[in-house]
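Structure first, then comments.
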Amino acid sequence: MKKQYAVSLLVASLVVIALAAVAGSGRTDNDVPAPPTIGTVIDDFKLPDADGKEHSLKSLAGSKGAVVIFIATKCPVSNAYNDRMEKLAQEYKAKGINFIGINANNTEPASEVKSHAAEKGLTFTILKDDGNKIADRLGATRTPEAYALDANMKLVYHGRIDNSQKVEGVTSEDLREALNEMLAGKAVTKTGGAAFGCTIKRVS
Amino acid sequence: MKMRLSLSIVLAVALGVIAAQSQTSKAPSPVGSKENGSGAAAASEIRVVDLDGLKKLLQRDPNEKRPLLVNFWASWCDGCREEFPDLVKIDEDYRSKGLSFLSVTVDELEDKPQAASFLQEMKAKMPVVLLNVADKEPAIHAVDLTWDGALPATFLYDVSGNVVYRHFGKIKPEELRAAIDKTIKQ
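Chains as they are written, first to last, in this note's numbering: chain A, 1 to 204; chain B, 1 to 186.
See the structure below:
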C-alpha cells in the first residue's frame with residue numbers, strides 16, 4: 001500500500017513538474033512542425049497546380065533532383081527573388097534539377113498564383129498547397145524558403161536562396177553552391193541559411 | 001520506505017528542474033535597458049545599429065528589473081503592419097507596469113524613411129532601431145537559434161535574459177499580454 005502511495009506520488013510529482021516546465025517555457029511557433037533534418041528522404045506528395053491539375057513531387061523532379069521553393073504572390077521578399085528563381089530554375093533544369101514552386105498562403109488563391117506567375121515570368125510549375133499540408137510536412141515558415149533534394153529525394157539543403165534580398169548585396173549564393181556540390185557528387189558544405197521573409201499565411 | 005519516498009521526490013524535482021531549464025532558452029547575453037527604457041525615443045527617430053549594436057541592446061544589466069519585449073518587423077511585411085497597433089497599445093498599457101519594449105526594423109537602410117513614416121502613422125512611442133547588416137543570418141541566429149527569419153517575430157525576455165515567450169507571425173494580443181503579466185509578476 002505504502003509502495004503504491006509512493007509510486008502514485010512520484011508520478012503525480014513528475015506530471016506537475018513537467019506541466020510547470022512546459023508552461024514556463026517559451027512558445028516555439030504557431031504550431032508549425034519542425035522541418036525534416038538534412039539527409040531525410042522526403043516522401044512523395046501530390047498537389048494541384050494553379051489550373052487544378054495534380055502533380056506528384058516525383059513526376060516533377062528532374063533526373064538529378066529537385067528544388068522545392070515556397071513562394072508568394074504578395075510578399076515583397078519573395079517577389080524580390082522572382083528573377084533569380086526563374087534564372088536558377090532554367091539554369092539547373094538543363095542540369096537535371098527541376099524547380100517546383102509551392103504557394104501555401106491561404107490569402108492567395110490559385111487564380112492569383114496563375115496570374116502572378118504569368119506576370120512575373122515564372123515558368124516552373126507552381127503548386128497550390130491549400131490547407132498548408134505540405135508546408136506543415138516540410139516545416140516551412142516563410143517565403144521564399146527553399147528545399148534542395150537529390151535524385152533520391154533526400155534533403156541536402158534547406159533555407160534561403162542567398163544572403164540578400166537586394167541583388168546588388170548578394171555575396172553568398174547558398175542554394176546555388178549546394179546544388180553545385182550535389183551535382184559534383186560532394187557533400188553539401190552549408191546545408192541551410194536563415195534570412196528574413198514573410199510568414200506563410202496558414203489556415204487557422 | 002520513507003527514505004525511498006523522499007529520494008523519489010528529490011529525483012522528480014531534479015528532473016523537473018532540468019526539464020524546465022532545457023525548455024527555457026537563454027538570451028544571447030543579459031538584456032540591458034538603458035537604451036530601451038520607457039520613452040527613450042520619439043516615434044520617428046530610428047537609430048541604425050549593426051550586429052554588435054543589436055547584441056548590446058539585447059544585453060541585460062545585472063541590476064535590470066524590467067522584462068523586455070522585442071519585436072522584429074519590416075515596413076514591407078503585411079503581418080508586421082497589421083499587428084503593430086496591438087503592439088503600440090501593449091507598449092502604452094505596460095510601460096508604467098514595468099515592461100521595456102524594443103522595436104527592431106529589418107528594413108534596408110534606404111527604406112528607413114518608409115519605416116519612420118509608418119511609425120509616425122502608428123503613433124509609436126517605443127524605442128526603434130534599424131538593423132543594418134549585409135548578411136542577416138548571423139543576426140537571426142544571435143537573437144534565437146529556433147528562428148529562421150520569418151517576420152514578424154516577437155520575443156519576451158525576463159529580467160534574467162531568458163526568452164520566456166516567442167511568437168513567429170502575427171501576435172495573438174491576449175496570449176502575449178498573458179505572458180507579459182506572468183513575467184512582470186515574477
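C-beta atoms are modelled at their ideal positions from N, C-alpha and C, and glycine is treated no differently.
Candidates the options: which alpha carbon is nearest residue i's?
i: D93 of chain B; options: B:W73, B:I180, B:W76; result: B:I180
i: C198 of chain A; options: B:P67, B:E64, B:E82; result: B:E82
i: H141 of chain B; options: A:L122, A:G192, A:P144; result: A:G192
i: D150 of chain A; options: A:D162, A:L60, A:K201, A:S111; result: A:L60
i: N63 of chain B; options: B:V128, B:S160, B:V143; result: B:S160
i: D144 of chain B; options: B:K89, B:K65, B:F72, B:V48; result: B:F72
i: K185 of chain B; options: B:L99, B:K55, B:A74, B:G149; result: B:L99
i: K46 of chain A; options: A:H55, A:I126, A:K190; result: A:H55
i: F124 of chain A; options: A:S111, A:M153, A:E86, A:K53; result: A:E86
i: M153 of chain A; options: A:P33, A:T37, A:V32, A:R142; result: A:T37
i: V206 of chain B; options: B:W147, B:K89, B:L87; result: Any property of residue 206 of chain B remains undetermined from this structure, which presents chain B solely from 1 to 186.
i: V41 of chain A; options: A:A72, A:K53, A:A50, A:A66; result: A:A66
i: A50 of chain A; options: A:L183, A:H116, A:E91, A:E168; result: A:H116
i: K190 of chain A; options: A:Q165, A:V203, A:S172; result: A:S172
i: G169 of chain A; options: B:K65, B:K97, B:E110; result: B:E110
i: L65 of chain B; options: B:S96, B:G149, B:F118; result: It should be noted that the sequence gives Lys, not Leu, for residue 65 of chain B. Residue B:S96 is the option with its Cα nearest to K65 of chain B.
i: K170 of chain B; options: A:P35, A:A184, A:K53, A:S204; result: A:S204
i: E108 of chain A; options: A:D31, A:K74, A:K64; result: A:K74
i: M182 of chain A; options: A:K166, A:K64, A:E119; result: A:K64
i: K53 of chain A; options: A:E145, A:I126, A:V167; result: A:I126
i: T105 of chain B; options: B:L156, B:K55, B:V49; result: B:V49
i: K172 of chain B; options: B:C80, B:G53, B:L54; result: B:C80
Taking C-beta to C-beta, are residue i and residue j nearer than 7 Å?
i: V77 of chain A; j: Y147 of chain A; result: no
i: D158 of chain B; j: P67 of chain B; result: yes
i: A104 of chain A; j: N132 of chain A; result: yes
i: L51 of chain B; j: L102 of chain B; result: no
i: L151 of chain B; j: F70 of chain A; result: no
i: L175 of chain A; j: I161 of chain A; result: yes
i: S75 of chain B; j: Q120 of chain B; result: no
i: K128 of chain A; j: A140 of chain A; result: no
i: D135 of chain B; j: N163 of chain A; result: yes
i: A194 of chain A; j: E108 of chain B; result: no
i: Y157 of chain A; j: V113 of chain A; result: no
i: K201 of chain A; j: N82 of chain A; result: no
i: H167 of chain B; j: T154 of chain B; result: yes
i: K58 of chain A; j: D44 of chain A; result: yes
i: I102 of chain A; j: G62 of chain A; result: no
i: I46 of chain B; j: V128 of chain B; result: yes
i: A139 of chain B; j: L131 of chain B; result: yes
i: P33 of chain A; j: D136 of chain A; result: yes
i: D78 of chain B; j: M126 of chain B; result: no
i: A235 of chain A; j: T143 of chain A; result: One cannot answer for residue 235 of chain A here, as it falls past the ends of chain A, which runs 1 to 204.
i: V88 of chain B; j: M122 of chain B; result: yes
i: Y92 of chain A; j: L155 of chain A; result: no
Who does residue i pair with in a DSSP beta bridge?
i: F101 of chain B; result: B:L69
i: H141 of chain B; result: Looking at the DSSP assignment, H141 of chain B forms no beta bridge with any residue, so it has no partner.
i: I46 of chain B; result: B:V128
i: S56 of chain A; result: A:K46
i: L155 of chain A; result: A:L149
i: C198 of chain A; result: A:T143, B:L151
i: V41 of chain A; result: A:K154
i: G185 of chain A; result: Partner(s): none; G185 of chain A has no beta bridge.
i: G192 of chain A; result: A:H158
Exercise for review: Quick one: which unbroken beta strand (DSSP E) runs of 3-plus residues sit fully inside the segment 62-138 of chain A? Chain order, please.
Suggested key: Taking 3 residues as the shortest admissible run, the segment 62-138 of chain A contains the following complete beta strand (DSSP E) segments, listed from N- to C-terminal end: 65-70, 97-103, 125-128.
**Study point:** Complete runs of the beta strand (DSSP E) confined to the segment 143-184 of chain B [at least 3 residues]
**Key:** Scanning the segment 143-184 of chain B for uninterrupted beta strand (DSSP E) segments of 3 residues or longer gives 153-157, 163-168, listed from N- to C-terminal end.
Practice item. Select from the segment 42-58 of chain A all residues with a C-beta closer than 7 Å to any C-beta belonging to chain B, and list them in chain order. Key: Identification of residues in the segment 42-58 of chain A having a C-beta nearer than 7 Å to some C-beta of chain B yields an empty set.
Point to revise | Under 8 Å (Cβ pairs) to chain B, residues found in the segment 83-106 of chain A | key: If the cut-off is 8 Å between Cβ atoms, the segment 83-106 of chain A has nothing near chain B.
Review point. Name the residues in the segment 49-71 of chain B whose C-beta lies less than 9 Å from a C-beta of chain A; which are they?
Key: Against chain A - using a Cβ distance shorter than 9 Å - the segment 49-71 of chain B contributes no residues.
Review point. Looking at chain B, which residues of the segment 113-138 of chain A have a Cβ within less than 8 Å of any of its Cβ atoms?
Key: Considering only beta carbons, no part of the segment 113-138 of chain A lies closer than 8 Å to chain B.
**Study point:** Near-chain A residues of the segment 120-140 of chain B - C-beta to any C-beta below 8 Å
**Key:** Identification of residues in the segment 120-140 of chain B having a C-beta nearer than 8 Å to some C-beta of chain A yields A134, D135, K136, E137, I140, given in sequence order.
Exercise for review: Mind checking the segment 143-163 of chain B against chain A and listing, in chain order, the residues whose C-beta falls within less than 9 Å of any C-beta there?
Suggested key: Taking 9 Å as the Cβ-Cβ cut-off against chain A, the residues of the segment 143-163 of chain B that qualify are D144, T146, W147, D148, G149, A150, L151, P152, A153, F155, L156, N162, V163.
Check your understanding: In the segment 81-113 of chain B, which residues sit with their C-beta less than 8 Å from some C-beta in chain A, listed in chain order?
Key -> Residues of the segment 81-113 of chain B whose Cβ lies closer than 8 Å to any Cβ of chain A, in chain order: V106, E108.
Practice item. Could you run through the segment 135-160 of chain A and flag, in chain order, every residue whose CB is less than 8 Å away from some CB of chain B? Key: So the list reads T141, R142, E145, G159, R160, given in the order they occur along the chain.
**Study point:** Within 8 Å of chain B by C-beta, residues of the segment 169-180 of chain A in sequence order
**Key:** Under the 8 Å Cβ criterion, the segment 169-180 of chain A contributes G169, T171, S172.
**Study point:** Residues, ordered as in the chain, of the segment 189-203 of chain A that lie near chain B by beta-carbon distance below 7 Å
**Key:** Listed in sequence order: G193, A194, A195, F196, G197, C198, T199.
Practice item. Mind checking the segment 165-177 of chain B against chain A and listing, in chain order, the residues whose C-beta falls within less than 7 Å of any C-beta there? Key: The segment 165-177 of chain B vs chain A, Cβ under 7 Å: Y165, R166, H167, F168, G169.
Point to revise | Selection of the segment 68-79 of chain A by Cβ proximity to chain B, strictly under 9 Å | key: Identification of residues in the segment 68-79 of chain A having a C-beta nearer than 9 Å to some C-beta of chain B yields K74, C75, P76, V77, given in sequence order.
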